[in-house]
Amino acid sequence: MKYMLLIYNNAAEFEAMPQDEKSAIFAQVDAVMKELQESGEWAGGEALVDAARTKTVQVRDGSAIVTDGPYLEAKEHLAGYLTVDVASEERAVEIAAGWPDAFRWAMEVRQVIGEG
């Protein structure tokens, strides 16, 4: 079953962290990704640019309305995602719980439609 794990964090908090703390987070990410690649559970993923560079598009009365930034006002933003191909939802949750952003902010686990 494929699951998308959505990574949420707070860019301002992350930027304010000391470099050694940031490096530790990146080392944790590398370790989790290596584990997923070795187990064959890694199916893809990417980091996303800062939410300030987001465009939100809505069509109303036939016209596109384009605004800067994410649609919702929040300190946390969608920072990236990974897709895993795992045996169960429990395993997807376990992977999300091991991702560094889950310790400070949040991870969202969603099954991909059309997958078993």
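In our numbering, the protein residues as written are 1 to 116. A virtual CB, placed ideally from N, CA and C, is assigned to each residue, including glycine. Please read all numbers here as calculations on a predicted model, not as lab measurements.
| Query | Result |
| --- | --- |
| Distance between Y3 and E90 (C-alpha atoms, nearest Å) | 11 Å |
| Check whether W51 and V57 have beta carbons under 8 Å apart | Here the sequence assigns Ala to residue 51, which means Trp is not the residue at that position. Their beta carbons are not under 8 Å apart, which means A51 does not touch V57 by this criterion. |
| E35 versus V49, E108 and E94, residue with shortest Cα-Cα distance | E94 |
| Pairwise C-alpha distance: Q28 and W99 | 7 Å |
| In DSSP terms, what R60 is bridged to | S63 |
| Proximity winner among A106, V86, F26 and A96, relative to A43 (alpha-carbon distances) | V86 |
| DSSP state of A87 mapped onto helix, strand, coil | coil |
| Alpha-carbon to alpha-carbon, E76 and S23 | 20 Å |
| D101 burial status per 10 Å Cβ neighbour count (16 or more: buried) | buried |
| Three-state secondary structure (DSSP) of D101 | helix |
| Supposed close pair N9, R110 - CB separation, criterion 8 Å | Not really, about 17 Å apart at Cβ, beyond 8 Å. |
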